[in-house]
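If you use this note's numbering, the sequence shown corresponds to residues 32 to 144, in order. Report on one structure; see the data block that follows.
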Amino acid sequence: TLQFINVVIVRQLMDGPQSLNSTYYPRMVSLLRTLKVGRIMEKVDHFRLLWSCVVHSFPSFLFAFMLVALMKYMMANYIVQAITALRYSDSINAEQWSEISKFYSTVPEAWFT
C-alpha cells in the first residue's frame, strides 16, 4: 500500500499544477521511503537471529552427519567381512553366492544397500 501511495504522490507531483508549497510532495515521498526502510530494519534483527542459529547449528549437523556415515561404513565393512568369511567356509554354493554378491560383495555396494 505504501508503494501505491508513493506512485500516486509522484504522479500528482508530475502531472498536477505547481502550488506555492511545492516541497510538500517530495517530503511526503521521502517520508514514505523512510517508513519502508523502517519496516525492513525492524525485520533485520529476526533475520540476523535466524542466520545466527543456522550458522551455529552447522557444526552439530556436520558432526551428526559424519557419525552416521562412519556407522554406515563400519556396518558395511562388517557385513562384507561376514559374507566373505561365509563364502570361503564352503557352506554356501555358487548359486547362493551369486545372489548374495549382488548386494554385499564390496564395501560400496554394502554401504548403499
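Glycine included, C-beta positions come from ideal geometry on N, C-alpha and C. The structure presented is a predicted model; accordingly, all values stated were derived computationally and were not measured.
Open item on the list: Short of 8 angstroms in beta carbon distance, which residues of its chain neighbour residue 10, apart from the five on each side in sequence? Order them along the chain.
Closed with: The structure shown does not extend to residue 10, since the chain is modelled only from 32 through 144, so no value can be given for it.
Open item on the list: Please classify residue 109 as buried or exposed, where buried requires at least 16 neighbouring CB atoms within 10 angstroms.
Closed with: Position 78 of the sequence shown, counted from the start, is the residue given in the question as residue 109. In the assembly as shown, residue 109 is an exposed residue. Its beta-carbon has fewer than 16 other beta-carbons within 10 Å.
Open item on the list: Quick check: what's the CA-CA separation for residue 92 versus residue 106?
Closed with: Sequence index remark: in the sequence shown, residue 92 carries index 61 (1-based). Sequence index remark: in the sequence shown, residue 106 carries index 75 (1-based). Their backbone Cα atoms lie some 21 angstroms apart in a straight line.
Task: Buried or exposed (CB count within 10 angstroms, at least 16 for buried), residue 135 - done: Here the question's residue 135 lines up with position 104 in the sequence shown. With 16 or more other Cβ atoms within 10 Å, it is buried.
- [ ] Please classify residue 125: is it buried, with 16 or more other beta-carbons within 10 angstroms of its beta-carbon, or exposed?
- [x] Counting from 1 along the sequence shown, the entry for residue 125 is found at position 94. Taking all protein chains shown into account, residue 125 has fewer than 16 neighbouring C-beta atoms within 10 Å of its C-beta and is therefore exposed.
Open item on the list: Helix, strand or coil for residue 124? Go by DSSP, reduced to three states.
Closed with: The sequence position of residue 124 within the sequence shown is 93, counting from 1. It is coil, neither helix nor strand.
Task: Candidates 75, 88, 94, 137: closest to residue 115 by CA position - done: For the purposes of this step, residue 115 is identified with residue 84 of the sequence shown, where counting begins at 1. When only C-alpha atoms are compared, the closest one is 137.
- [ ] Identify whether residue 61 lies in helix, strand or coil by the three-state DSSP scheme.
- [x] Locating residue 61 in the sequence shown gives position 30, counting from the first residue. Residue 61 falls in the helix class under three-state DSSP.
TODO: Ignore the nearest five residues each way along the sequence and tell me which others in residue 79's own chain have a CB closer than 6 angstroms to its CB.
DONE: Translated into the one-based positions of the sequence shown, residue 79 becomes position 48. Closer than 6 angstroms at the Cβ level, and outside the excluded window around residue 79, lies no residue.
- [ ] Give the DSSP-derived three-state secondary structure of residue 136 in the structure shown.
- [x] In the sequence shown, counting from the first residue as 1, residue 136 sits at position 105. Of the three classes helix, strand and coil, the one that applies to residue 136 here is coil, per DSSP.
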